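Asks: Residue numbers (my numbering): 16 to 144. Every residue, glycine too, gets a C-beta built ideally from N, C-alpha and C. Owing to the predicted nature of the structure, the values given are computational and were not obtained by experimental measurement. Questions regarding the structure given below will be posed in turn.
Next up, the structure:
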């Protein structure tokens, strides 16, 4: 089955953990003082659904940072109520820039593979992308 056959709601209805398999941005950041820098690496990133309705998808994204699990709560507001595959995702505290998640691929219903393309909305607005 292709993406056209499965709605975003069906894909997100699972109670299974959604693991991040690959990303095209770095998963680390540097913490520096006057003399040294330490590289903090984020690993084992995964999403756990906390709520789903016709209008939004709520989840906690958990990652391991320096051997400690850290979680951030997110809210994805679906762009419209039709078969559109996009949602605008923000952290629930509003501290991060919003992102547009667009469902690009799903395997068959028994497959555990889904692919979202993620765009930063601030850069799209700022640079006219």
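Enumerate in chain order the residues of its own chain whose CB-to-CB distance from residue 131 is below 8 Å, with the five nearest sequence positions on each side excluded.
Replies: Excluding positions up to five away in sequence, the list reads 116, 117, 118 and 119.
Asks: Going by DSSP in three states, residue 25 sits in which element: helix, strand or coil?
Replies: Residue 25: helix per DSSP, three-state reduction.
Asks: Quick check on this structure: which residue in 112, 121 and 34 has the alpha carbon closest to the alpha carbon of residue 134?
Replies: Residue 134 has its Cα closest to that of 112, out of 112, 121 and 34.
Asks: Between the C-alpha atoms of residue 69 and residue 59, what's the straight-line distance to the nearest angstrom?
Replies: Approximately 29 Å between the Cα atoms of the pair.
Asks: I believe residue 92 touches residue 78 by the beta-carbon criterion, under 8 Å. Please report the beta-carbon distance rounded to the nearest angstrom.
Replies: 23 Å between Cβ atoms; not a contact.
Asks: Less than 7 Å separating the beta-carbons of residue 61 and residue 37?
Replies: No, these two residues do not count as a Cβ contact at 7 Å.
Asks: For residue 95 and residue 47, I'd like the C-alpha separation in whole angstroms.
Replies: Distance between the alpha carbons of residue 95 and residue 47 is about 43 Å.
Asks: Starting from the Cα of residue 88, find the closest Cα among 100, 110, 81 and 99 and give me that residue.
Replies: Closest option to residue 88, Cα to Cα, is 110.
Asks: From the DSSP output, which residues share a beta bridge with residue 104?
Replies: Partner(s): 91 and 114.
Asks: Provide the residue(s) that pair with residue 66 in DSSP beta bridges, ordered along the chain.
Replies: Answer is 73.
Asks: With a cut-off of 8 Å on the beta carbons, I'd call residue 86 and residue 75 a contact; round off their distance for me.
Replies: Residue 86 to residue 75, Cβ: 5 Å. Contact.
Asks: By Cβ distance, which residues of its chain are closer than 7 Å to residue 84, with the 5 residues on each side in sequence left out?
Replies: Closer than 7 Å at Cβ, skipping near neighbours: 77.
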